[in-house]
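**Q**
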Amino acid sequence: MKLLRNLALVAAALTFVVAQPVLADDWLTNADEDTRAERLSSYLGGFSGAMWEVGNRWERMAQAIRDDNFELAHYHWDKIGSAIRGGYMKRPARQANADALFLDGIWKNYLETLESGDGEAIRKQFGQARDACMACHVAEDVPFMNDQPMFTEQEVE
């Protein structure tokens, strides 16, 4: 009797397992177009991910300047511009201030200064770049971003 009951339980369990839909491991390509778009949008996030990258690269750039590694500083500064552009691709409302206060002005100028390798000019203009970042934060109504060590304590001299 026990054997029959156990066989019946196994058969029932197998029926349940077989009846369950198989979930694909590929969360993106097997989804319909609308679901795929929603998942990508959620996964890629908004502007904050871009700003996280910018902040990380900013700190690496500042250290590179302190180390007189201007090629590395230039590399990170260039990538900061790319990260911001990628961020406002996802959040177009951020583009106007990012362009006006940062990318169309100080970003281009500082890129050229970093290319020059002139350590004195690079260190001097670092503060102007920081000020442009802080102005953009105020314009985007997130002035509290300026109250952190990368803006209040970081110098490259």
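The opening position of the sequence shown corresponds to residue -9 in our numbering, with each subsequent residue numbered one higher. Note that beta-carbon positions come from the ideal geometry of N, C-alpha and C, so glycine has one too. Only a predicted model underlies this, so the values are computations on that prediction, with no experimental measurement involved.
#1: With DSSP collapsed to three states, give me the class of MET(-9).
#2: Around the C-beta of TRP42, are 16 or more other C-beta atoms found within 10 angstroms, so that it is buried, or is it exposed?
#3: Taking buried to mean at least 16 other C-beta atoms within 10 Å of its own C-beta, is THR103 buried or exposed?
#4: Go ahead and label LEU93 buried or exposed: buried means 16 or more other beta carbons lie within 10 angstroms of its beta carbon, across all protein chains shown.
#5: Along the chain, where does the alpha helix (DSSP H) containing ILE70 start, and where does it finish?
#6: Is ASP24 helix, strand or coil when you go by DSSP?
#7: In terms of alpha-carbon separation, which member of ALA40, LYS69, ALA122 lies closest to MET79?
#8: Take the Cβ of PHE134 as the centre, count every other Cβ of all protein chains shown within 10 Å, and call the residue buried at 16 or more, exposed below.
#9: For the alpha helix (DSSP H) that GLY39 lies in, which residues bound it at each end?
**A** Once the coordinates are examined:
#1: coil
#2: exposed
#3: Counting the other CB atoms within 10 Å of its CB gives THR103 a total of 16 or more, which places it among the buried residues.
#4: buried
#5: 60 to 80 is the span of the alpha helix (DSSP H), which, as asked, contains ILE70.
#6: helix
#7: It is ALA40.
#8: Result: exposed.
#9: 37 to 56
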